[in-house]
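Participant: Heads up, the working numbering is the position in the sequence shown plus 852, with the first residue counted as 1.
So that we are looking at the same thing, I have put the structure below in structure tokens.
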Amino acid sequence: MRILLGVSGGIAAYKVPSVLRSLREDGHAVRVIPTRAALDFVGTATWEALSGQPVTTSVFDGAESVDHVRLGREAELVVVAPATADLLARAAAGIADDLLTATLLTVTCPVLLAPAMHTEMWQHPATRANVATLRERGVHVLDPAVGRLTGADSGPGRMPEPEDIVAAAHRLLAGTPEDLAGRRVVISAGGTREPLDPVRFLGNRSSGRQGVALARNAAERGAEVELVAANVEAAVLSGLPGSVAVTPVETTADLQAAMQAAADDADVLIMAAAVADFRPAGARADKTKKNPDGSVEPLELVQNPDILAGLVAERRPGQVVAGFAAETGDADGSVLDHGRAKARRKGADLLAVNAVGTALGFGDVPNAVHLLDAAGEDLGEGAGSKDDVARVVWDAVVRLLTH
Ligand code: CTP
């Protein structure tokens, strides 16, 4: 595909050659259009060498071929990274005083802006208004990342990481819907652990991959995402885009507190974590020793609260609450029979029922789900990877949100 990569004059420009390289490695033809100020950070030779195409900043270079119009017509995607406060202002106002802003006025393809600036500039009413104007016009303005800025300051304003920019570019090229834009969603993932003593716990085999896939897909569709991660390995979390806020928890009580705290301003709550139904009646402060006579003390358990049922009971109007049910069939009924009964018992707007065994459901294996409503009626089904399942679940959630 033909991509225009605009670069405006911010320090984050030094990271953009890696965006260019990734897009080129994925087979795209990329023409770089820096602003004059961008060249103070990364020079023409770098952009020309990495793109294999000429680089100019002015509409008067190559005026005979009317570059800003030709480039704009041919482009299938425009990415501007970093997009400074000044660039956002000029784009919002329709100013065309260099090749990049002139080209932005001629394109009809999707436009993706990756802002980078100091927090004060990002939060200034002028910038807020410019971003709102651009988004209203259908321009995809990424939220900046939160973290260390150029000086000693830190906060929202960091350019989104190059891999997040590239991922957003791919979504636009693939036409992924932005149907969760403006929605705040909170997902639990992983499995809770209940300590027996300082070194031992009762736990389960949930890897957190399904919750991570849900978080990734929601972020791709434009949602603001919080993942409440119960004992999810760093390698699994590394599959998340940088925009997803991760809240690590360990026990069921921690998970419940985190979900309740996040529930207030959430549009969607999904309980994808495998919650320990029971916990030891009293965790010991010291490591339990073996008895010299070989006797074993019985383990007394108490039942944990049902977090999903609590979220359903406190659901706000318009909020969608969803859960997952890992089931096995048995003499009393099939996976789906148990799923329908659980859907009615839990009362969630959506229950995604999947069959588990040692080879199905847990870990990095294909998955299949039936989606049921609070009455146990079918809302859809899906199968495939955890990403495929995540897509099907969000498709159903979006239908629920818009009804
Ligand atoms: N869940 C929860 N709190 C619990 C147990 C489960 O919020 N204490 C949530 C899970 O996150 C999941 C859904 O409820 O979204 C169903 O979980 P599952 O373990 O299948 O159901 P249980 O209620 O534990 O029922 P049972 O184990 O008796 O089948």
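Just so you know, even glycine gets a beta-carbon here, dropped at the ideal spot from N, CA and C.
Look at the alpha carbon of residue 1045 and the alpha carbon of residue 997, and state the distance between them as a whole number of angstroms.
Facilitator: Distance between the alpha carbons of residue 1045 and residue 997: 31 Å.
Participant: Does DSSP put residue 1006 in a helix, in a strand, or in coil?
Facilitator: In this structure, residue 1006 counts as strand in the three-state DSSP scheme.
Participant: Could you give the first and the last residue of the continuous alpha helix (DSSP H) run that contains residue 1022?
Facilitator: Start and end: 1014-1026.
Participant: Considering only heavy atoms of the ligand CTP, does any lie closer than 7 Å to the CB of residue 1194?
Facilitator: The answer is yes for residue 1194.
Participant: Tell whether a beta-carbon distance below 8 Å holds between residue 1118 and residue 1064.
Facilitator: No.
Participant: What are the start and end residues of each continuous beta strand (DSSP E) run of 3 or more residues lying completely inside the stretch 1132-1185, in chain order?
Facilitator: The qualifying runs are 1153-1155, 1172-1179.
Participant: Taking 7 Å as the line, does the beta carbon of residue 1206 fall inside it for any heavy atom of the ligand CTP?
Facilitator: No, Cβ of residue 1206 sits at least 7 Å from all heavy atoms of the ligand CTP.
Participant: Any heavy atom of the ligand CTP closer than 7 Å to the beta-carbon of residue 1129?
Facilitator: Indeed, a heavy atom of the ligand CTP lies less than 7 Å from the Cβ.
Participant: Could you check how far apart the C-beta atoms of residue 994 and residue 1012 are, in whole angstroms? I think they sit under 8 Å.
Facilitator: 5 Å between Cβ atoms; contact.
Participant: Taking 7 Å as the cut-off, does the CB of residue 1158 come closer than this to any heavy atom belonging to the ligand CTP?
Facilitator: Yes.
Participant: Check whether the Cβ of residue 1141 sits closer than 7 Å to any heavy atom of the ligand CTP, and report yes or no.
Facilitator: No - the ligand CTP has no heavy atom lying nearer than 7 Å to the Cβ of residue 1141.
Participant: What are the partner residues of residue 1046, as DSSP defines its beta bridges?
Facilitator: In DSSP, residue 1046 forms a bridge with 1054.
Participant: Following the continuous alpha helix (DSSP H) through residue 1240, name the residue where it begins and the one where it ends.
Facilitator: Unbroken alpha helix (DSSP H) run through residue 1240: 1238-1253.
Participant: Does the Cβ of residue 897 have 16 or more other Cβ atoms within 10 Å, making it buried, or fewer, making it exposed?
Facilitator: Flag for residue 897 reads exposed.
Participant: State buried or exposed for residue 1057, treating a residue as buried only when at least 16 other CB atoms are found within 10 Å of its CB.
Facilitator: Flag for residue 1057 reads exposed.
Participant: Quick one: what's residue 1040 bridged to in DSSP?
Facilitator: 1080, 1123.
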